[in-house]
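Engineer:
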Amino acid sequence: MLDQDTALALMTIADEASARVAFMGDRHQLPAVGRGGVLDHAVRWTRPESTVSLETVRRFADPEYRDLTLRMRTGEAEDTVFDTLLARGGIVIHASDVERIASLAEHGAGGETVIAAKLEDVAALNAAIQDRRRSDRPEGSASPVAYGRTDAIHLGDRIATRQNDRDLDVANRDTWTVVGSRTRGELEVQGKRGTRTLPISYVLDHVELAYATTVHGAQGDTVDRAHLALNDTTGAAATYVAMTRGRHSNTAHLVADSVDSARAQWTSAFARDRADLGPEAARDQALADIERYGPMPTPRPVRRKDYERFSPSPGSDRGPSIGR
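Read left to right, the sequence shown gives residues 1478 to 1801 (our numbering).
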């Protein structure tokens, strides 16, 4: 997801420090928010012996699912992939969004990773998972100990820090468990790198619940089990990323009134928002679209008599009269 401007700044610093930089990534995953194509530039300008292409999938123990992920990566045979996932239990169809949120809240409360494409969906899922966890733990029904930038925070909650802070030794998207609070509104949190104390100013502006995450937040993670809330804004790259986070299982949750409707949602997702695969891929896609839909007709040049036909007469207070 590295954009060109940030990459240029990084390479400038590396040159000044005589450091080497290794770029890693999968161009079929989510692209940069800004100008992308950094991996393409790196491959083009790096010596061939300095470029390595990874071809073997090692995350998944199940060979059938490993093969399915490669087909999702390129958007190949979406219908067949959907039917195979449905038979394996990798597709769950819900009658309503309320039922889907309830199901995902159960998975999230059990410690499984829940992913959605939009921030508002992540916020709704975070709140639902928090409520489910507190209902399972009577001791968790106490009042909040703090308020983050969007959420009330309770003891035992899983939170994320969303701003790098060298003094606090926390980074963006680090995850923590709230283990205590202080009278001044500070939070004591514990994570993989130890215990930290977060001041109230940081909590208010840069802390949020971390039971659910966006696809951008999940990219790069490896977890045991992952669940995706797929909707009409989820694109191909996002679906591929979300459905490849879990070692043991990955499940897409759709709201539909039939299997056919769910299948149509799945195939539509793989037709949207393809990843940044470089100029050659963009050219091939444009040629394929022209072949499928036909070239755009050349607009007819506007002639003077056409202009006069739709313009009011000099001195007239009437507007244009079509066909006069």
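Here a beta-carbon is modelled for each residue, glycine too, at the ideal position from N, C-alpha and C.
Computed from a predicted structure; not experimentally measured.
Is there at least one Cβ from chain C nearer than 8 Å to residue 1612's Cβ?
Structural biologist: Considering every chain present, this structure includes no chain C. It has just one protein chain.
Engineer: What do you get for residue 1743, buried or exposed, if any count of 16 or more other CB atoms within 10 angstroms of its CB means buried?
Structural biologist: Walking along the sequence shown from the start, residue 1743 turns up at place 266. Classification of residue 1743: buried, given that the 10 Å Cβ count is 16 or more.
Engineer: Quick check: what's the CA-CA separation for residue 1570 versus residue 1691?
Structural biologist: As a working mapping, residue 1570 is identified with position 93 in the sequence shown. As a working mapping, residue 1691 is identified with position 214 in the sequence shown. Answer to the nearest angstrom: the Cα atoms are 21 Å apart.
Engineer: To the nearest angstrom, report how far apart residue 1536 and residue 1697 are at their CA atoms.
Structural biologist: Mapped onto the sequence shown, residue 1536 falls at position 59. Mapped onto the sequence shown, residue 1697 falls at position 220. Each residue's alpha carbon lies about 12 Å from the other.
Engineer: Would residue 1701 and residue 1724 be called neighbours here (beta carbons separated by less than 8 Å)?
Structural biologist: In the sequence shown, residue 1701 corresponds to position 224, counting from 1. In the sequence shown, residue 1724 corresponds to position 247, counting from 1. Cβ atoms of residue 1701 and residue 1724: closer than 8 Å.
Engineer: How about residue 1559 and residue 1740: do their beta carbons lie closer than 8 Å?
Structural biologist: Looking up residue 1559 in the sequence shown gives position 82. Looking up residue 1740 in the sequence shown gives position 263. Yes, the pair counts as a contact, with Cβ atoms nearer than the cut-off.
Engineer: Report the three-state DSSP secondary structure of residue 1801 (helix, strand or coil).
Structural biologist: The sequence position of residue 1801 within the sequence shown is 324, counting from 1. Note on residue 1801: pLDDT 40, under 50, position unreliable in the model; no value is reported.
Engineer: Note down, one range per segment and in chain order, each alpha helix (DSSP H) of at least 4 residues found wholly within the region 1534-1577.
Structural biologist: The region 1534-1577 contains these whole alpha helix (DSSP H) runs: 1540-1551 and 1555-1565.
Engineer: Assuming contact is defined by CB atoms lying nearer than 8 Å, are residue 1655 and residue 1634 in contact in what I supplied?
Structural biologist: Mapped onto the sequence shown, residue 1655 falls at position 178. Mapped onto the sequence shown, residue 1634 falls at position 157. Against a cut-off of 8 Å, the Cβ pair of residue 1634 and residue 1655 comes out as a contact.
Engineer: Tell me which same chain residues have a C-beta within less than 6 Å of the C-beta of residue 1619, skipping the five on either side of it?
Structural biologist: Counting from 1 along the sequence shown, the entry for residue 1619 is found at position 142. Correct list: empty, nothing qualifies.
Engineer: By DSSP's criteria, residue 1638 is part of a beta bridge. Which residues make up the other side?
Structural biologist: Position 161 of the sequence shown holds residue 1638. Looking at the DSSP assignment, residue 1638 forms a beta bridge with 1651 and 1684.
Engineer: Can you name, in chain order, every residue of its own chain whose Cβ lies under 6 Å from the Cβ of residue 1729, other than the five neighbours on each side?
Structural biologist: Here residue 1729 is taken as the residue at index 252 of the sequence shown, counted from 1. The answer, listed in chain order, is 1568, 1705 and 1707.
Engineer: Cβ of residue 1639 within 8 Å of Cβ of residue 1650?
Structural biologist: Here residue 1639 is taken as the residue at index 162 of the sequence shown, counted from 1. Here residue 1650 is taken as the residue at index 173 of the sequence shown, counted from 1. Yes, the Cβ-Cβ distance between residue 1639 and residue 1650 is below 8 Å.
Engineer: Considering residue 1515, what are the terminal residues of the alpha helix (DSSP H) in which it resides?
Structural biologist: Translated into the one-based positions of the sequence shown, residue 1515 becomes position 38. Residue 1515 -> alpha helix (DSSP H) spans 1515-1522.
Engineer: Whose C-beta lies closer than 6 Å to the C-beta of residue 1716 among residues of the same chain, with five residues either side of it excluded?
Structural biologist: Here the question's residue 1716 lines up with position 239 in the sequence shown. Counting only Cβ-Cβ distances below 6 Å, and skipping sequence neighbours, we find 1746.
Engineer: Only counting the same chain, and skipping five residues up and downstream in sequence, which positions put a Cβ closer than 7 Å to that of residue 1583?
Structural biologist: Counted from its first residue, the sequence shown places residue 1583 at position 106. Once the five neighbours on either side are set aside, the close Cβ partners of residue 1583 are 1609.
Engineer: Relative to the alpha-carbon of residue 1637, which residue among 1689, 1492, 1517 and 1731 has its alpha-carbon at the smallest distance?
Structural biologist: Taking the first residue of the sequence shown as position 1, residue 1637 is located at position 160. It is 1689.
Engineer: Any idea what DSSP makes of residue 1449, helix, strand or coil?
Structural biologist: No information on residue 1449 is available, as it lies outside the stretch 1478 to 1801 that the chain covers here.
Engineer: Identify every run of the beta strand (DSSP E) within the region 1577-1627, keeping only runs that are complete inside it and at least 3 residues long; order them along the chain.
Structural biologist: If we require 3 residues or more, the beta strand (DSSP E) runs fully inside the region 1577-1627 come out as 1590-1593.
Engineer: Expressed to the nearest angstrom, what Euclidean distance is found between the alpha-carbon atoms of residue 1487 and residue 1664?
Structural biologist: Numbered from 1 along the sequence shown, position 10 holds the residue referred to as residue 1487. Numbered from 1 along the sequence shown, position 187 holds the residue referred to as residue 1664. If I take the Cα positions, the gap works out to 34 Å.
Engineer: Residue range of the alpha helix (DSSP H) that residue 1689 falls in?
Structural biologist: The count along the sequence shown starts at 1 and reaches residue 1689 at position 212. Residue 1689 -> not in any alpha helix (DSSP H); beta strand (DSSP E) instead, spanning 1689-1691.
Engineer: Tell me which residues share the same chain as residue 1498 and place their Cβ nearer than 6 Å to its Cβ, disregarding the 5 neighbours each side in the sequence.
Structural biologist: Position 21 of the sequence shown, counted from the start, is the residue given in the question as residue 1498. Cβ within range, chain order: 1491.
Engineer: Quick check: the Cα distance between residue 1628 and residue 1721, rounded to an integer number of angstroms?
Structural biologist: Taking the first residue of the sequence shown as 1, we reach residue 1628 at position 151. Taking the first residue of the sequence shown as 1, we reach residue 1721 at position 244. Distance between the alpha carbons of residue 1628 and residue 1721 is about 29 Å.
Engineer: Around the C-beta of residue 1678, are 16 or more other C-beta atoms found within 10 angstroms, so that it is buried, or is it exposed?
Structural biologist: As a working note, residue 1678 is residue 201 in the sequence shown. So residue 1678 counts as exposed.
Engineer: Per DSSP, what kind of secondary structure is residue 1487 in: helix, strand or coil?
Structural biologist: The residue labelled residue 1487 in the question sits at position 10 within the sequence shown. If DSSP states are grouped into helix, strand and coil, residue 1487 belongs with the helices.
Engineer: Out of curiosity, what's the CA-to-CA distance linking residue 1502 and residue 1517?
Structural biologist: Walking along the sequence shown from the start, residue 1502 turns up at place 25. Walking along the sequence shown from the start, residue 1517 turns up at place 40. So the two alpha carbons sit approximately 11 Å from each other.
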